[in-house]
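So the structure is just underneath, and the comments pick up after that.
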Amino acid sequence: MTGNRKDDHVRHAVDQHRDNTGANDFDSVTFLHHALAGIDSADVSLAVEVAGKRWETPLFVNAMTGGSLHTGEINRQLAIAARETGIPIASGSMSAYFRDSSVADSYRVLRQENPHGFVMANVNATATLDQVHRAIDLLEADAIQIHLNSVQEIVMPEGDRAFGSWPRRIEHITAHAPVPVIVKEVGFGLSRPTVAWLRDAGVTVADVGGRGGTNFARIENDRRTAANFSFIENWGQSTPSCLLDCAGVTGIDLFASGGIRSPLDIARSLALGACATGVAGRFLETLVGRGAAALVEMIREWLVQLRLISTVLGAATPADLAGCDLLITGDVATFCRLRGIDAASYAHRSPWWNESERRSHP
Ligand code: FNR
Numbered sequence: 035m036t037g038n039r040k041d042d043h044v045r046h047a048v049d050q051h052r053d054n055t056g057a058n059d060f061d062s063v064t065f066l067h068h069a070l071a072g073i074d075s076a077d078v079s080l081a082v083e084v085a086g087k088r089w090e091t092p093l094f095v096n097a098m099t100g101g102s103l104h105t106g107e108i109n110r111q112l113a114i115a116a117r118e119t120g121i122p123i124a125s126g127s128m129s130a131y132f133r134d135s136s137v138a139d140s141y142r143v144l145r146q147e148n149p150h151g152f153v154m155a156n157v158n159a160t161a162t163l164d165q166v167h168r169a170i171d172l173l174e175a176d177a178i179q180i181h182l183n184s185v186q187e188i189v190m191p192e193g194d195r196a197f198g199s200w201p202r203r204i205e206h207i208t209a210h211a212p213v214p215v216i217v218k219e220v221g222f223g224l225s226r227p228t229v230a231w232l233r234d235a236g237v238t239v240a241d242v243g244g245r246g247g248t249n250f251a252r253i254e255n256d257r258r259t260a261a262n263f264s265f266i267e268n269w270g271q272s273t274p275s276c277l278l279d280c281a282g283v284t285g286i287d288l289f290a291s292g293g294i295r296s297p298l299d300i301a302r303s304l305a306l307g308a309c310a311t312g313v314a315g316r317f318l319e320t321l322v323g324r325g326a327a328a329l330v331e332m333i334r335e336w337l338v339q340l341r342l343i344s345t346v347l348g349a350a351t352p353a354d355l356a357g358c359d360l361l362i363t364g365d366v367a368t369f370c371r372l373r374g375i376d377a378a379s380y381a382h383r384s385p386w387w388n389e390s391e392r393r394s395h396p
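The C-terminal position of the sequence shown is numbered 396 in my numbering, with every residue numbered one higher than the one before it.
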């Protein structure tokens, strides 16, 4: 049953990304171009520090799959792509392994193919500490992701209906986990109070996992035959809105994921305060549609292009992108207004610009 569900998710997600017209809220975030801001591309470093470790890139393969023969093969190819491009990778939910240890290989392959990479295990918010340890041990994981997916669960006929224990469980896991804890949404977004709560609970990274990419409400609705849940497909906050909402929450790092379509979306995410960016559906669609070599080529190309975007913007590091001027328009600007966020301040925050302005208007 679980194996079939995992295979279904892959099929539906690939279909969604193949049919995707591509518009999402990242289109409402534009860099203000300063024609003299550019630096030398050789002076750009894409390296970031995450959970106390250096990542060579601010890009990772986000949680997707495992638990069946087919998804084990997908994990193997994703792991090879991660190894060949030097980017971190997360496992899909390991619940199937807790129920049936015979599927261990479909997850273990992530470490076997990528012995020196940064690998993240993935559990749900009701996982016991013993399960968390088993997940980390199986993958020799460098970090553990806990996914929050209440909206997905309610659309699944067989889904959970009891979410009240999640905060207590997260606190418990975070207090005892032997590796850094990342809490992530699966496409409906994390709000500012949620991220502040996670910070207070000791969570190392919050992955905002916003709306705009793979849509799990739609996937589960398409899978069910009984009651129609299509009204819920637009639930949640988009990834740029989440990042703006969470700006200034200190003491916890942010990952951006949900609807990343291009290196420009990575740059936008970093400019909105993320320290790294996760991609799931877009990579899966490339892998399933065009093969592992095409995925490797795409990731390499994205990293080259991200470096070039940073070069034009004068951002020597990913953190420097968070000082670039941004024009925030459309639904994201409306979100900011309703949440009391000063969207206009993002349009004139660049140190380069402000310095020149001061000199020309002493
Ligand atoms: C996912 N995602 C996911 N997340 C998670 O924490 N545990 C999981 O088991 C899965 N499973 C899964 C399967 C498939 C086929 C996809 C495409 C995605 C969610 C994923 O990590 C991410 O949060 C969302 O997909 C949004 O990012 P994209 O797809 O828009 O880049």
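We treat Cβ as the ideally placed atom computed from N, Cα and C, and that holds for glycine.
In angstroms with no decimal places, state the Cα-to-Cα distance between residue i and residue j.
i: R39; j: L182; result: 18 Å
i: R324; j: R334; result: 15 Å
i: S125; j: A290; result: 17 Å
i: I216; j: D241; result: 7 Å
i: D279; j: R373; result: 7 Å
i: S136; j: L172; result: 12 Å
i: Y380; j: R233; result: 24 Å
i: E90; j: V82; result: 6 Å
i: T228; j: L361; result: 26 Å
i: I300; j: L93; result: 8 Å
i: V322; j: T105; result: 11 Å
i: P352; j: A116; result: 20 Å
i: A349; j: A57; result: 26 Å
i: F65; j: V153; result: 32 Å
i: A169; j: V213; result: 11 Å
i: M190; j: G243; result: 19 Å
i: D194; j: H210; result: 25 Å
i: A47; j: D53; result: 10 Å
i: E267; j: P385; result: 40 Å
i: L70; j: T345; result: 11 Å
i: H206; j: D42; result: 32 Å
i: I20; j: V239; result: Absent from the structure is residue 20, since the part of the chain shown begins at 35 and ends at 396.
i: M35; j: L342; result: Bear in mind that a pLDDT of 43 at M35, under 50, signals an unreliable position, so the number given afterwards is only what the model happens to contain. Cα to Cα, the separation comes out at about 46 Å.
i: W375; j: D359; result: For the sequence presented, residue 375 should be read as Ile rather than Trp. The straight-line gap from Cα to Cα measures roughly 16 Å.
i: Q146; j: P122; result: 14 Å
Since residue i and residue j should fall inside the 8 Å C-beta cutoff, what is the C-beta to C-beta distance between them, to a whole number of angstroms?
i: A85; j: A177; result: 5 Å
i: T320; j: A328; result: 6 Å
i: I204; j: A159; result: 6 Å
i: R226; j: V157; result: Not confirmed; about 25 Å, so no contact.
i: D59; j: P274; result: 5 Å
i: V237; j: I286; result: 6 Å
i: G357; j: R383; result: 6 Å
Do residue i and residue j have their CB atoms nearer than 7 Å?
i: G364; j: G292; result: no
i: V143; j: N109; result: yes
i: F132; j: Q186; result: no
i: G223; j: Q179; result: no
i: I114; j: A314; result: no
i: A308; j: L288; result: yes
i: V330; j: E107; result: no
i: L355; j: L304; result: yes
i: L318; j: L277; result: no
i: A161; j: A175; result: no
i: A235; j: T208; result: yes
Comparing the CB of residue i with every heavy atom of the ligand MG, is any distance shorter than 6 Å?
i: H167; result: As for the ligand MG, it is missing from this structure, which binds only the ligand FNR.
(message) List, from N- to C-terminal side, the beta strand (DSSP E) runs of 3 residues or more that fit wholly inside the region 200-264.
(response) Scanning the region 200-264 from its first residue to its last, the whole beta strand (DSSP E) runs of 3-plus residues come out as 215-219 and 239-241.
(request) Would you list, in sequence order, the uninterrupted alpha helix (DSSP H) runs of no fewer than 4 residues that lie entirely inside the region 294-359? (result) Whole alpha helix (DSSP H) segments, 4+ residues: 297-305, 315-324, 326-347 and 352-355.
(request) Run through the region 78-149 for me and flag every whole alpha helix (DSSP H) of 4 or more residues, listed as ranges in chain order. (result) Qualifying alpha helix (DSSP H) stretches, in chain order: 103-119, 129-133 and 138-146.
(message) What ranges does the alpha helix (DSSP H) occupy inside the region 159-194, keeping only unbroken runs of at least 4 residues that lie completely in it?
(response) Residue ranges of uninterrupted alpha helix (DSSP H) with 4 or more members, entirely inside the region 159-194 and ordered along the chain, are 163-173 and 184-189.
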